[in-house]
Each structure stands twice: as structure tokens, then as C-alpha cells.
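Heads up: take any position in the sequence shown, counting from 1, add 49, and you land on the working numbering.
C-beta: ideal position from N, C-alpha, C; glycine also.
Predicted model only: the values in this text are computed from it and were never measured.
The block underneath contains the structure these notes are about, expressed in C-alpha cells.
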Amino acid sequence: MLERSKILVLAGTQEARKLIGVLVANTEYEVIASLAGVTKNPADLSVTTRTGGFGGADGLSNYLQTQGIAAVVDATHPYAAQISCNAVEAARPLAIPLLRFERAAWEQANDDIWYSADNVEESLSLIPPNAKVFFAASTKIAAPLKKRPDLIFVIRTLKGPSDSEVLPNAEYIEGLPNESWLEEAELFKVLKVDWLISKNSGGSASYGKVKAARELQIPVAMLKRPELSNGMLCASIDEVLKTLKACVKNAQHCKITL
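The following block contains the structure:
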């Protein structure tokens with residue numbers, strides 16, 4: 050029996066879960082998934098799964114070598130810039146194929162009131178005094194909110210903030226976004242939200258808040274995606290499969306274009 054090629058999938062998204070399911074059905078590959086460990090009680094991926102960081106690019110490089118990884122598929126969140134950069138730094142010198150499976154960004158509809166922002170600081174500069182702001186980005190980048198004590202923030206987070214992260218002018222909602230835009234709209238109405246700060250995450254899981262803002266004519270400060278150089282970009286599972294086959298089948302390593 051031929052030895053199967055080991056594929057490391059940097060996971061944590063719906064797209065990663067779907068991809069892993071397809072890869073598992075392909076007898077050519079042995080799949081290992083890696084999760085950052087942010088989400089509580091993540092769904093079982095039905096493959097060998099490791100949780101937590103690798104210890105930077107050097108730690109990931111060591112893991113790729115000791116595990117005999119044939120290719121890496123980065124299917125992390127579009128804003129998970131650090132792990133994506135680490136993947137490039139680790140895979141490049143080892144000549145290990147690196148694929149980036151990235152969901153398409155949301156596109157602005159005619160009735161959307163969007164203002165593009167490079168970062169949280171710029172998004173705050175768009176918002177008038179005394180507004181109530183729903184912050185739907187990560188608490189990891191929420192520190193600049195302290196600079197606007199005149200605003201009231203509602204911050205949605207996967208887990209509650211630490212004592213050092215708590216803002217005196219904010220209330221916290223713990224949990225995932227509502228997939229139903231109607232539920233998101235009702236939440237915005239109850240909270241009397243004036244503005245929304247959001248990442249352009251793409252996908253359907255968190256699009257409800259965007260449509261709710263459109264229907265309620267709530268302006269949105271949309272944070273731009275980080276510009277990442279992540280190897281071979283794939284927009285679909287079919288593209289991932291074709292690229293993996295070309296790179297791995299005959300042990301012909303594809304160079305990472307940076």
C-alpha cells in the first residue's frame with residue numbers, strides 16, 4: 050500500500066471544515082488539522098487535530114519537518130495575518146507547497162452605507178460624537194476604542210474580555226453572530242445601534258449583521274483585509290484539489306510566489 054501524503058490544514062473556518070471533509074474522502078492524503086484554540090468546544094473535524102500555536106514560524110517549520118508534511122493549506126480567517134505570515138516563512142525555505150484557500154470578500158450593495166478603513170483608528174475617525182457603536186471585530190484589536198470615551202460600544206466576542214481589556218464605556222455580548230439578518234436587525238434595534246465596525250470576513254456565517262445594517266440604514270466602517278502574500282491562492286475546493294494534485298502527486302514541489 051502506497052504511503053499517503055500528509056496535508057496540514059490550518060483551519061478554523063467553515064471553508065476549512067468543508068475542505069477537510071473532501072480531503073478525507075480522497076485516499077491519497079492523510080489530513081492533519083490545526084486550530085488556533087480561540088473557539089470554545091469546536092466541532093469535531095474527524096481527523097487528527099492539534100490545538101494552539103506552533104511557537105511562531107520556527108515552531109511551525111519544525112513541525113512540518115518532524116511530521117513529514119507534504120503540503121500546507123492555509124484556510125484560516127482572512128484576518129488571521131500572523132499565522133498566515135508564519136506559514137509562508139516556514140514553508141518557503143523547506144520548499145513545501147503552500148496553498149491559500151480564501152473566501153471571497155463581501156461586495157458593497159447599492160443600499161449599503163460603507164466607509165472603508167485601513168484600521169480601527171481610522172474607523173473611529175469616521176464616527177461622530179456620542180454615537181452607539183456595535184464593534185464586530187476582534188477584541189484583540191479593540192484597544193484603540195479607549196481613545197473615544199465619548200462613544201458607547203457594544204462589543205461582540207467569542208469569550209469575555211480579561212480585566213485589562215474591559216472598557217468602561219462598553220458592554221459585551223459573548224457568542225457567535227446570528228446567521229439570520231432578521232435576528233441581527235432586531236438586536237441592533239434593541240441596542241439602538243448608530244454605527245457598525247466590521248471586518249470584511251466574507252462568507253455567509255456572519256453576513257447577517259451586514260444585511261441588517263443595510264436594511265436599517267446603519268453606516269458601516271468596513272475594515273480592509275490585510276494584504277498577505279500566502280503562496281498559491283485558491284478560491285474554491287476544486288482549485289485546492291487540482292493544485293494539491295499538481296504539487297504533491299509526483300513529489301514535484303511548487304515554488305511559493307512572494
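query = Considering only residues of the stretch 162 to 227, which uninterrupted beta strand (DSSP E) runs meet the minimum length of 3 residues and lie entirely inside it, listed in chain order?
reply = Secondary structure in the stretch 162 to 227: the beta strand (DSSP E) runs of 3 residues or longer, each lying completely within the stretch, are 163 to 166, 181 to 184, 201 to 206 and 219 to 223 in chain order.
The stretch 226 to 239 touching the stretch 250 to 264, judged by at least three CB pairs closer than 8 Å = Segments in contact, yes.
query = When the Cα of Ala153 is compared with those of Lys294, Leu290, Leu282 and Lys291, which residue comes out closest?
reply = As a working note, residue 153 is residue 104 in the sequence shown. Looking at the Cα atoms, Leu282 is the closest of the given residues.
query = Per DSSP, Phe150 forms a beta bridge with which residues?
reply = Sequence index remark: in the sequence shown, residue 150 carries index 101 (1-based). DSSP output for Phe150 lists Cys283 as bridge partner(s).
inquiry  = Contact between the stretch 211 to 224 and the stretch 188 to 198 is defined here as three or more beta-carbon pairs at a separation below 8 Å; is this criterion met?
reply    = Contact annotation: the stretch 211 to 224 touches the stretch 188 to 198, with at least three C-beta pairs closer than 8 Å.
query = By Cβ distance, which residues of its chain are closer than 6 Å to Ser54, with the 5 residues on each side in sequence left out?
reply = As a working note, residue 54 is residue 5 in the sequence shown. If we look at Ser54 and ignore the five residues flanking it on each side, its Cβ neighbours are Tyr78, Ala119 and Val297.
message = Distance check for Ser174 and Thr292, CA to CA, integer angstroms please.
response = As a first step, residue 292 is located in the sequence shown; it is residue number 243 there, counting from the start. As a first step, residue 174 is located in the sequence shown; it is residue number 125 there, counting from the start. Approximately 43 Å between the Cα atoms of the pair.
inquiry  = Below 8 Å on the Cβ atoms is my contact criterion, and I expect Lys181 with Val242 to pass it. Report the Cβ-Cβ distance as a whole number of Å.
reply    = As a first step, residue 181 must be located in the sequence shown, where it is residue number 132. As a first step, residue 242 must be located in the sequence shown, where it is residue number 193. Beta-carbon to beta-carbon, Lys181 and Val242 are separated by about 6 Å, close enough to satisfy the 8 Å threshold.
ask   = Is Val289 near Leu148, with beta carbons less than 7 Å apart?
value = In the sequence shown, counting from the first residue as 1, residue 289 sits at position 240. In the sequence shown, counting from the first residue as 1, residue 148 sits at position 99. Going by C-beta atoms, Val289 is nearer than 7 Å to Leu148.
query = Going by other Cβ atoms of all chains shown within 10 Å of its Cβ, with 16 needed for buried, is Asn179 buried or exposed?
reply = For the purposes of this step, residue 179 is taken as the residue at position 130 of the sequence shown. Exposed is the call here.
query = Are three or more beta carbon pairs between the stretch 127 to 146 and the stretch 93 to 110 nearer than 8 Å?
reply = The stretch 127 to 146, when compared against the stretch 93 to 110, does touch it at the 8 Å Cβ threshold.
Cut-off 6 Å between Cβ atoms - residues of its own chain near Arg205, not counting five sequence neighbours on either side = Residue 205 sits at position 156 when you count from the first residue of the sequence shown. Hits under 6 Å: Ala185 and Ile222.
Exposed unless 16 or more other CB atoms sit within 10 angstroms - verdict on Asn249 = Looking up residue 249 in the sequence shown gives position 200. Asn249 comes out buried.
key: Boundaries of the beta strand (DSSP E) in which Glu79 is found, first to last residue   = Walking along the sequence shown from the start, residue 79 turns up at place 30. Element bounds for Glu79: Tyr78 to Leu84.
Status (buried if at least 16 other CB within 10 Å, exposed otherwise) for Lys67 = On the sequence shown, position 18 is the one that residue 67 refers to. In summary, Lys67 is exposed, with fewer than 16 beta-carbon neighbours lying within 10 Å of its beta-carbon over all protein chains present.
query = Considering only residues of the same chain and omitting the five flanking positions on each side of Ile81, which have a CB-CB separation below 6 Å?
reply = Counted from its first residue, the sequence shown places residue 81 at position 32. These residues qualify, in order along the chain: Leu57 and Thr97.
Residue from Val239, Lys238 and Pro177 with nearest C-alpha to Pro198 = On the sequence shown, residue 198 is found 149 positions in, with the first residue counted as 1. Residue Pro177 is the option with its Cα nearest to Pro198.
inquiry  = Does Val239 pass the burial test, meaning 16 or more other C-beta atoms within 10 Å, or should it be called exposed?
reply    = Translated into the one-based positions of the sequence shown, residue 239 becomes position 190. Classification for Val239: exposed.
Buried or exposed (CB count within 10 angstroms, at least 16 for buried), Pro127 = Taking the sequence shown and counting its residues from 1, the one referred to as residue 127 is at position 78. Under a 10 Å Cβ-count criterion, Pro127 is classified as buried, with 16 or more other Cβ atoms of the shown protein chains found around its own Cβ.
request  = Classify Asp287 as buried or exposed, calling it buried when 16 or more other Cβ atoms lie within 10 Å of its own Cβ.
outcome  = On the sequence shown, position 238 is the one that residue 287 refers to. Residue environment for Asp287: exposed (fewer than 16 other C-beta atoms within 10 angstroms of its C-beta).
ask   = So is Pro142 buried or exposed if we call it buried at 16+ other beta carbons inside 10 Å?
value = Within the sequence shown, numbered from 1, the residue matching residue 142 stands at position 93. By the neighbour-count rule (16 or more Cβ atoms within 10 Å), Pro142 is not buried but exposed.
request  = From the DSSP output, in three-state form, read off Ile132 for me.
outcome  = For this step, residue 132 is matched to residue 83 along the sequence shown. DSSP places Ile132 in helix when its eight states are reduced to three.
request  = Give me the Cα-Cα distance between Asn75 and Pro146, rounded to the nearest whole angstrom.
outcome  = One-based indexing of the sequence shown puts residue 75 at position 26. One-based indexing of the sequence shown puts residue 146 at position 97. When the Cα atoms are used, Asn75 and Pro146 turn out to be separated by approximately 18 Å.
ask   = If we count the other Cβ atoms within 10 Å of its Cβ and call it buried at 16 or more, is Arg99 buried or exposed?
value = For this step, residue 99 is matched to residue 50 along the sequence shown. Exposed: under 16 other Cβ atoms inside 10 Å.
query = Roughly how many angstroms separate the alpha carbons of Asp93 and Gln116, rounded to a whole number?
reply = As a first step, residue 93 is located in the sequence shown; it is residue number 44 there, counting from the start. As a first step, residue 116 is located in the sequence shown; it is residue number 67 there, counting from the start. Spanning the two alpha carbons is a distance of roughly 21 Å.
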